[in-house]
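A.B. asks: I have a structure here, written as structure tokens, and I will follow up with some questions on it.
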Amino acid sequence: MGSTHAASGALAGVAVAAVAGGALVDLAACGLVGAGAALLPDLDHPESTATRSQGPASQGLSRAVRAASSAVWRATRAPGDDGGLHDGLGRHRHLTHTLPACAAAGVVCGAAASTVPGAAVVLWVLVSLGLRGLGQCVRGQRRAALSSWLTVSLAALLVTGVVLGVAPPHPVLLGAVVAAGALVHVLGDWATSAGVPLAWPLMVRGKRWWMFRSPLAFRAGDGAWQERVLRWACGLGAPALCVWAMMG
Numbered sequence: 172m173g174s175t176h177a178a179s180g181a182l183a184g185v186a187v188a189a190v191a192g193g194a195l196v197d198l199a200a201c202g203l204v205g206a207g208a209a210l211l212p213d214l215d216h217p218e219s220t221a222t223r224s225q226g227p228a229s230q231g232l233s234r235a236v237r238a239a240s241s242a243v244w245r246a247t248r249a250p251g252d253d254g255g256l257h258d259g260l261g262r263h264r265h266l267t268h269t270l271p272a273c274a275a276a277g278v279v280c281g282a283a284a285s286t287v288p289g290a291a292v293v294l295w296v297l298v299s300l301g302l303r304g305l306g307q308c309v310r311g312q313r314r315a316a317l318s319s320w321l322t323v324s325l326a327a328l329l330v331t332g333v334v335l336g337v338a339p340p341h342p343v344l345l346g347a348v349v350a351a352g353a354l355v356h357v358l359g360d361w362a363t364s365a366g367v368p369l370a371w372p373l374m375v376r377g378k379r380w381w382m383f384r385s386p387l388a389f390r391a392g393d394g395a396w397q398e399r400v401l402r403w404a405c406g407l408g409a410p411a412l413c414v415w416a417m418m419g
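FYI, the numbering used here numbers position 82 of the sequence shown as 253, with every residue one higher than the one before it.
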């Protein structure tokens, strides 16, 4: 669901920037940052776009995230918790797919962006991740080109330079976009049959990691029409919202 998450994150990023009254540069930058942030929760999966995005560096981060998720699951699990269907150890779709984790991601990225070097790193990492995720929406040979690490990295570097040179985003705005991007990822996974632990750390029916699912849940990765509709709606909604915000 990488492309769908990225598209929904782009829409969320644009929406946050529009509410903040951002200019066109802010809307575009926040859209790309939101797209990248919407892929962050899947750092808890060894084969996700986020995990593979920066080679050994992101793979090492993924291992640390999975270990932390499993440790928190073991420390907070109730007798009825089983660790999930993926590995039984509380790694994938556990800690990073909670509401506190979304908020924490926003706080960490916002704090890091309080300095120019920190803002540059946050922008480059998330924009490159967002471009990679959005590039998955494209089919054929263009998809391969848009997935190239060098191409994506250089494009993200260009975007970062322009944004910092023209209109550096406020750290609070950047943090809010990251939190919103992570949140729409969690809500997107709530729409699937595997569900997400929306109530953690509260107890629900004897479980602290109760997996909430949409009444109309679909299986992720099966090419469900619901996912295609969501991807198209968000993909078209982000630029439409940019135009509306500028006209308003």
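We treat Cβ as the ideally placed atom computed from N, Cα and C, and that holds for glycine.
1) Between the Cα of residue 207 and the Cα atoms of 282, 176, 229, which residue gives the shortest distance?
2) Thinking C-beta only, is residue 364 closer than 8 Å to residue 389?
3) Which of the three DSSP states is assigned to residue 222 in this structure?
4) According to DSSP, is residue 286 part of a helix, a strand, or is it coil?
5) On the DSSP bridge assignment, give the partners of residue 363 in chain order.
6) So which of 294, 398, 303, 278 has the shortest CA-CA distance to residue 343?
7) Indicate whether residue 345 and residue 185 have their beta-carbon atoms separated by less than 8 Å.
8) Tell me which same chain residues have a C-beta within less than 6 Å of the C-beta of residue 405, skipping the five on either side of it?
9) Starting from residue 395 and walking both ways along the alpha helix (DSSP H), at which residues does that stretch end?
10) Quick test of your reading: residue 284 and residue 350, contact by CB under 8 Å. State the CB separation rounded to the nearest angstrom.
11) When you measure from the CB of residue 258 to every non-hydrogen atom of the ligand NAP, does any distance come out below 7 Å?
12) Any idea which residues DSSP pairs residue 421 with across the strands?
13) Would you grab the beta carbon distance between residue 240 and residue 215 for me? Rounded to a whole angstrom, and I think it's under 8 Å.
14) Considering only their Cβ atoms, is the gap separating residue 353 from residue 217 smaller than 8 Å?
15) Quick one: give me the first and last residue of the alpha helix (DSSP H) that residue 307 is part of.
16) Excluding the five sequence neighbours on either side, which residues of its own chain have a C-beta within less than 8 Å of the C-beta of residue 270, listed in chain order?
17) Could you check whether the region 282–302 touches the region 187–206, counting it as contact only if at least three pairs of C-beta atoms, one from each stretch, sit closer than 8 Å?
C.D. replies: Inspection of the coordinates gives the following:
1) 176
2) yes
3) helix
4) coil
5) 389
6) 278
7) no
8) 178, 179, 182
9) From DSSP, residue 395 is part of no alpha helix (DSSP H); its letter is neither H nor E.
10) No, residue 284 and residue 350 are not in contact; Cβ-Cβ is about 13 Å, not under 8 Å.
11) This structure does not include the ligand NAP; it has no bound ligands of any sort.
12) Nothing about residue 421 can be read from this structure; the chain reaches only from 172 to 419.
13) 5 Å
14) no
15) First-last for residue 307: undefined, no H or E at that position.
16) 354, 357, 369, 371
17) yes
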